[in-house]
Amino acid sequence: KPTLELNNTSKETFSSAGFILSAIGSSVGLGNMWKFPYITGLYGGAAFFLLFTICLVVIGLPILLAELTIGRGSRGNASSAFTILSGHKYWSYFGGLGVLAAFVIMAFYTVVAGWTMHYAVQSFTGKLFSGGDFGAQFENFNATLQPVGWQIVVMIISVFVVAKGISGGIEKFNKVLIPGLIIILLVLMVRALSLPGAGAGVEFFLKPDFSKLTVESALVALGHAFFSLSLGMGTMLTYGAYVEKRQSLGTATLAVGFGDLLYALVAGLIIFPTSFAFGIPSSAGPGLVFVALPAAFDAMWMGEFFGGLFFILLAIAALTSAISILEVPVAFVMDKFRTTRAKAASSVGALCLVFGIPAALSLYGPLSGFLPGGKSIFDWMDFLGSYVLLPLGGLVVTLFTGYVWKHAGQEAGLTSGWYKLWMFLLRYIAPFLVIAVFIYSIYSN
Ligand code: PHE
Numbered sequence: 007k008p009t010l011e012l013n014n015t016s017k018e019t020f021s022s023a024g025f026i027l028s029a030i031g032s033s034v035g036l037g038n039m040w041k042f043p044y045i046t047g048l049y050g051g052a053a054f055f056l057l058f059t060i061c062l063v064v065i066g067l068p069i070l071l072a073e074l075t076i077g078r079g080s081r082g083n084a085s086s087a088f089t090i091l092s093g094h095k096y097w098s099y100f101g102g103l104g105v106l107a108a109f110v111i112m113a114f115y116t117v118v119a120g121w122t123m124h125y126a127v128q129s130f131t132g133k134l135f136s137g138g139d140f141g142a143q144f145e146n147f148n149a150t151l152q153p154v155g156w157q158i159v160v161m162i163i164s165v166f167v168v169a170k171g172i173s174g175g176i177e178k179f180n181k182v183l184i185p186g187l188i189i190i191l192l193v194l195m196v197r198a199l200s201l202p203g204a205g206a207g208v209e210f211f212l213k214p215d216f217s218k219l220t221v222e223s224a225l226v227a228l229g230h231a232f233f234s235l236s237l238g239m240g241t242m243l244t245y246g247a248y249v250e251k252r253q254s255l256g257t258a259t260l261a262v263g264f265g266d267l268l269y270a271l272v273a274g275l276i277i278f279p280t281s282f283a284f285g286i287p288s289s290a291g292p293g294l295v296f297v298a299l300p301a302a303f304d305a306m307w308m309g310e311f312f313g314g315l316f317f318i319l320l321a322i323a324a325l326t327s328a329i330s331i332l333e334v335p336v337a338f339v340m341d342k343f344r345t346t347r348a349k350a351a352s353s354v355g356a357l358c359l360v361f362g363i364p365a366a367l368s369l370y371g372p373l374s375g376f377l378p379g380g381k382s383i384f385d386w387m388d389f390l391g392s393y394v395l396l397p398l399g400g401l402v403v404t405l406f407t408g409y410v411w412k413h414a415g416q417e418a419g420l421t422s423g424w425y426k427l428w429m430f431l432l433r434y435i436a437p438f439l440v441i442a443v444f445i446y447s448i449y450s451n
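Structure follows, in structure tokens:
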């Protein structure tokens, strides 16, 4: 019989607003601002955005609701939750995939989060704009040990917030930073849209080019909907375990989905007009944000200030996601080893750096020559975490909620019509599409 003492009934809880803000903080992140713009640029502008929206609504939201429901129903962690609800020990191993995914993703996410902090400082101090060629600057910075320093800063902040707990740490952090994020976002959007020549960027972003839509772009859109909603690694499940019974999970799901989509839309309305106004190609690839946009800020009135604000925005978005990623293994370690939050957070953080520092050094730094299978350590972690473990974790969630756990409907509190739709998507649609993404990403990598 299941070890029901795993079911930690004395768990802390989020306030209602604190939960919604923290879940939005988790979903809105580097994915929306660093990855989304360049894949939109590559895969067909607005047509891709439309596809992304469909994937997010049809596959993303049902799985998001499933994760929140599993979390609250079990009050467990990303691994134990499945055992608590099913009564079978082996389910905790499947759930453990999520814990592993979180660990791997945290290791490289902190690298990029660190870059954003460095760039914020460089922009405000003007050093970024006096340093010449932005591509070379990006590479030179990555060839030093500085990215590791910034990565450690990100990790220390995350460990500190997570160690403070749910209401005193994660919730407080998000309650302060998310409103700040929204204000900066709006300021930058107004600035970007008022640039002469901004219209071409808006047009590129919002005018659909359906000829660019391929099976590939659909799979990329679905994979990104997953990453963007923080699904597949137990983040939302872990947060869900701290949600009070009277909170409507359906409303929370809609708020997070809508918030994430709106944020991606506004991010596009900042990035495309800015880059088009200064004649910078929209599909500049992963370097878009760190290489192309600085050139635009350089040419802009008060560019130091707006550039600095832009990178602060990225840093906030990254930090509120990083803490949600870290919380997954921390909650697991706390339950498993019956230790305190502070101990769990600091030991997971330290262990994560052991894997994360090589990732930081693997792009242009001392480990850049080490390319097992043609990929750097950083790319391996991104591939393994985002393209292998996340879809597998998502599959576990859909199958578990659709076929195994019989009381999901009661916990989710849906009306019978919504419940039927939810189950239909979880049983017959989501698993196949998630498997398709999985096979595609393995194959195309
Ligand atoms: N959703 C976050 C983003 O868009 C990343 C993330 C993925 C966070 C998975 C938690 C879990 O950047």
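Counting in full-length UniProt numbering, the sequence shown runs from 7 upward without gaps. We put the beta carbon where it would ideally sit given N, CA and C, even for glycine. Bear in mind that the values here come from a model prediction, so they are computed numbers and not experimental data.
Quiz item: Is P372 helix, strand or coil by DSSP?
Solution: On the sequence shown, residue 372 is found 366 positions in, with the first residue counted as 1. Three-state DSSP puts P372 in coil, outside helix and strand.
Quiz prompt | Reduced DSSP secondary structure (H/G/I, E/B, other) of P202 | solution = On the sequence shown, residue 202 is found 196 positions in, with the first residue counted as 1. The answer is coil: DSSP assigns P202 none of H, G, I, E or B.
Quiz item: What's the C-alpha gap between Y49 and E18?
Solution: Here residue 49 is taken as the residue at index 43 of the sequence shown, counted from 1. Here residue 18 is taken as the residue at index 12 of the sequence shown, counted from 1. Approximately 43 angstroms between the Cα atoms of the pair.
Quiz prompt | Paired residues, beta bridge with P214 - DSSP | solution = Indexing the sequence shown from 1 puts residue 214 at position 208. DSSP lists G51 as partners of P214.
Practice problem: Keeping to the same chain, check which residues put their C-beta closer than 8 angstroms to that of T259; ignore five residues upstream and five downstream. | Solution: For the purposes of this step, residue 259 is taken as residue 253 along the sequence shown, with counting starting at 1. Here the set comprises L67, L70, L71, L74.
Quiz item: Which residues in the same chain have their Cβ closer than 8 angstroms to the Cβ of D266, if we skip the five residues on either side of it in sequence?
Solution: Taking the first residue of the sequence shown as 1, we reach residue 266 at position 260. Only I30, S33, V34, N38, L62, S234, L235 meet the Cβ criterion.
Quiz prompt | Three-state secondary structure assigned by DSSP to K251 | solution = Position 245 of the sequence shown holds residue 251. Three-state DSSP puts K251 in coil, outside helix and strand.
Quiz item: When the distance is taken between beta carbons, is F54 closer than 9 angstroms to L212?
Solution: For the purposes of this step, residue 212 is taken as the residue at position 206 of the sequence shown. For the purposes of this step, residue 54 is taken as the residue at position 48 of the sequence shown. Contact flag unset, no.
Quiz item: Just checking, does the segment 402 to 420 make contact with the segment 126 to 134 on the three C-beta pairs under 8 angstroms criterion?
Solution: no
Quiz item: Enumerated in chain order, which unbroken segments of the alpha helix (DSSP H) with a length of 4 residues or greater are wholly contained in the segment 296 to 340?
Solution: 299 to 305
Practice problem: Consult DSSP for H230 and reduce its assignment to one of helix, strand or coil. | Solution: Residue 230 sits at position 224 when you count from the first residue of the sequence shown. Reduced to three states, the DSSP call for H230 is helix.
Quiz item: CB Y446 to CB V110, shorter than 9 angstroms?
Solution: For the purposes of this step, residue 446 is taken as residue 440 along the sequence shown, with counting starting at 1. For the purposes of this step, residue 110 is taken as residue 104 along the sequence shown, with counting starting at 1. Not a contact, by the Cβ cut-off of 9 angstroms.
Quiz item: Is the beta carbon of A273 less than 9 angstroms from the beta carbon of I286?
Solution: Working through the sequence shown from its first residue, we reach residue 273 at position 267. Working through the sequence shown from its first residue, we reach residue 286 at position 280. For A273 and I286, no; Cβs fall outside 9 angstroms.
Practice problem: Report buried or exposed for F343, applying the criterion of at least 16 other Cβ atoms within 10 angstroms of its Cβ. | Solution: The residue you call residue 343 lines up with position 337 of the sequence shown. Burial call: exposed.
Quiz prompt | Alpha-carbon to alpha-carbon, K412 and L319 | solution = Here residue 319 corresponds to residue number 313 of the sequence shown, with the count starting at 1. Here residue 412 corresponds to residue number 406 of the sequence shown, with the count starting at 1. If you take the alpha carbons of L319 and K412, they lie about 42 angstroms apart.
Quiz item: Straight-line CA distance for T257 to I26?
Solution: One-based indexing of the sequence shown puts residue 257 at position 251. One-based indexing of the sequence shown puts residue 26 at position 20. Straight-line Cα distance between these residues: approximately 9 angstroms.
Practice problem: Return the CA-CA distance between L183 and H230, expressed in angstroms with no decimal places. | Solution: Working through the sequence shown from its first residue, we reach residue 183 at position 177. Working through the sequence shown from its first residue, we reach residue 230 at position 224. Answer to the nearest angstrom: the Cα atoms are 24 angstroms apart.
Quiz item: Helix, strand or coil: which one does DSSP assign to I286?
Solution: Start at 1 with the first residue of the sequence shown, and residue 286 comes out as number 280. In this structure, I286 counts as coil in the three-state DSSP scheme.
Self-check item: Cβ-heavy atom distance, F233 to ligand 1, below 8 angstroms
Solution: Residue numbering aside, residue 233 sits at position 227 when the sequence shown is read from its first letter. Correct: F233 has its Cβ closer than 8 angstroms to ligand 1.
Self-check item: Expected contact under 8 angstroms - CB spacing of Q143 and A366 to nearest Å
Solution: Within the sequence shown, residue 143 is the residue found at index 137, counting from 1. Within the sequence shown, residue 366 is the residue found at index 360, counting from 1. Wrong, their Cβ atoms sit about 17 angstroms apart, outside the cutoff.
Exercise. Could you work out which residue in S28, A87, L199 is closest to V402 when comparing CA atoms only?
Key: Taking the sequence shown and counting its residues from 1, the one referred to as residue 402 is at position 396. Ranking S28, A87, L199 by Cα distance to V402 puts A87 first.
Quiz item: Is it right to say R252 is buried, meaning 16 or more other beta carbons lie within 10 angstroms of its own, or is it exposed?
Solution: Here residue 252 refers to the residue found at position 246 when the sequence shown is read from its first residue. By the 10 Å Cβ count, R252 comes out exposed.
Practice problem: Would you give the residue range spanned by the alpha helix (DSSP H) that I172 belongs to? | Solution: What you label residue 172 is simply residue 166 of the sequence shown in a count that begins at 1. Per DSSP, I172 belongs to no alpha helix (DSSP H) and is neither H nor E.
Self-check item: Integer-rounded CB distance, given that L103 should sit under 8 angstroms from G399
Solution: In the sequence shown, residue 399 corresponds to position 393, counting from 1. In the sequence shown, residue 103 corresponds to position 97, counting from 1. Going by Cβ atoms, the distance from G399 to L103 rounds to 5 angstroms, so yes, they are a contact pair.
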